Structures are given as C-alpha cells and as structure tokens.
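Just below is one structure, and these are the notes that go with it.
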Amino acid sequence: RRGIQSILRAWPEWEIAGEAADGEEAIQLTTNVRPDIVLMDFSMPRMGGLEATRAIRKVCPEVKILLLTLHDSLEWVEIALQAGARGYLLKSDTEGELVRALNVVAGNGIYISPSLDADRVKKIIVDMGSTA
Numbered sequence: 589r590r591g592i593q594s595i596l597r598a599w600p601e602w603e604i605a606g607e608a609a610d611g612e613e614a615i616q617l618t619t620n621v622r623p624d625i626v627l628m629d630f631s632m633p634r635m636g637g638l639e640a641t642r643a644i645r646k647v648c649p650e651v652k653i654l655l656l657t658l659h660d661s662l663e664w665v666e667i668a669l670q671a672g673a674r675g676y677l678l679k680s681d682t683e684g685e686l687v688r689a690l691n692v693v694a695g696n697g698i699y700i701s702p703s704l705d706a707d708r709v710k711k712i713i714v715d716m717g718s719t720a
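Offset between the sequence shown (1-based) and the working numbering: plus 588.
Spelled out as structure tokens, the structure:
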C-alpha cells in the first residue's frame with residue numbers, strides 16, 4: 589500500500605481520501621467519504637475486494653472502482669466487471685499503467701490491464717453490454 593501511496597502522491601491531480609485494511613472498512617470509508625474512485629485490492633482480509641465492490645456499488649453507485657489484483661485470468665475480469673468494477677489492473681503492471689487506469693476510469697471508461705488478451709477482453713465487454 590505504501591508503494592501505491594507514493595505513486596499517487598507524485599501526481600497532484602490525485603488525492604488519497606483514505607485507506608482501508610479490509611473490505612468492510614472499504615465499504616464504510618467509501619460510504620462516509622464518497623470518493624470519485626476506489627482503488628480496491630482484490631484480496632483482502634475479512635471481506636474480499638469483489639464482495640466489497642458489490643456492496644459499494646449498491647450504496648454508492650456513483651463511485652467508480654478500479655480493482656488491483658494478481659489474478660490474470662479473463663474469468664476474473666468478467667466477474668469483476670459484473671460486480672461493478674470499472675477497471676481491472678494487475679499488480680505487475682507499471683506505475684504508468686496505474687495512472688492511466690485511474691484516468692480512464694475517472695473519465696467513465698473501462699480499463700483492463702494491457703497484459704491481458706485484448707481481443708478476448710473486448711468480447712467480454714461486448715457480451716456483457718448485450719446482456720445488460
């Protein structure tokens with residue numbers, strides 16, 4: 589978490605509004621602060637990032653969520669998007685990708701790690717749009 593904080597502090601357009609140790613804290617903090625974007629860790633104690641994402645989207649539908657994860661499986665991308673995430677970034681991606689992802693999500697776009705198969709990701713997004 590400290591590494592991400594130092595990256596974000598280097599970009600003056602991003603302000604860190606809070607930090608949560610687990611999914612339950614993330615829900616409470618988001619409900620109280622109402623940030624524009626939540627950078628959510630996929631794997632957290634007590635309540636994982638997917639479950640917290642679903643809960644946040646129910647109570648704060650305007651908040652955009654960017655999931656940060658080790659999981660490079662396209663199945664997890666689809667599950668994350670269905671849960672309400674607007675972005676899916678791998679922890680192995682660069683600092684530049686983190687900033688790019690935040691900018692895309694802030695602009696109401698969907699951001700998926702460039703490390704994943706772009707054609708398959710596009711198909712997932714199109715398929716989700718046709719079933720929404």
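C-beta: ideal position from N, C-alpha, C; glycine also. Model, not experiment: these values are computed from the prediction.
* Spatial neighbours of M635 within its chain, please: CB distance less than 7 Å, with the 5 preceding and 5 following residues excluded, ordered by chain position. => If we look at M635 and ignore the five residues flanking it on each side, its Cβ neighbours are D610, G611, E612.
* Span of the beta strand (DSSP E), counted from its first residue to its last, around K652 -> Element bounds for K652: 652-657.
* To do: Could you check which residue in E650, A614, L677, K652 has the C-alpha nearest to that of L662?
  => For L662, the nearest C-alpha among the options comes from L677.
* Integer-rounded CB distance, given that L654 should sit under 8 Å from G675 -> Indeed, because the Cβ distance is near 4 Å, the residues count as touching under 8 Å.
* To do: State the DSSP-derived secondary structure class of I700, mapped to helix, strand or coil.
  => Strand, per DSSP.
* Asked: Can you find a CB in chain D that lies within less than 8 Å of the CB of D715?
  -> The displayed structure is made up of one protein chain only, and chain D is not part of it.
* Asked: What's the gap between the Cα of L617 and the Cα of A694?
  -> Taking the straight line from one Cα to the other gives about 19 Å.
* To which residues of the same chain is V647 closer than 7 Å at the C-beta, ignoring the five residues directly before and after it? -> Correct list, in chain order: T619.
* Following the continuous alpha helix (DSSP H) through G684, name the residue where it begins and the one where it ends. => Taken as a continuous stretch (DSSP letters only), the alpha helix (DSSP H) holding G684 covers 683-694.
* **Opposing strand residues paired with G675 [DSSP bridges]** => G675 has L654, Y699 as its beta-bridge partners, per DSSP.
* **Any non-hydrogen atom of the ligand SAM within 7 Å of K679 CB** => This structure does not include the ligand SAM; it has no bound ligands of any sort.
* Asked: Among L669, A643, W602, which residue has its Cα nearest to the Cα of G697?
  -> Just measuring C-alpha positions, the residue of L669, A643, W602 sitting nearest G697 is L669.
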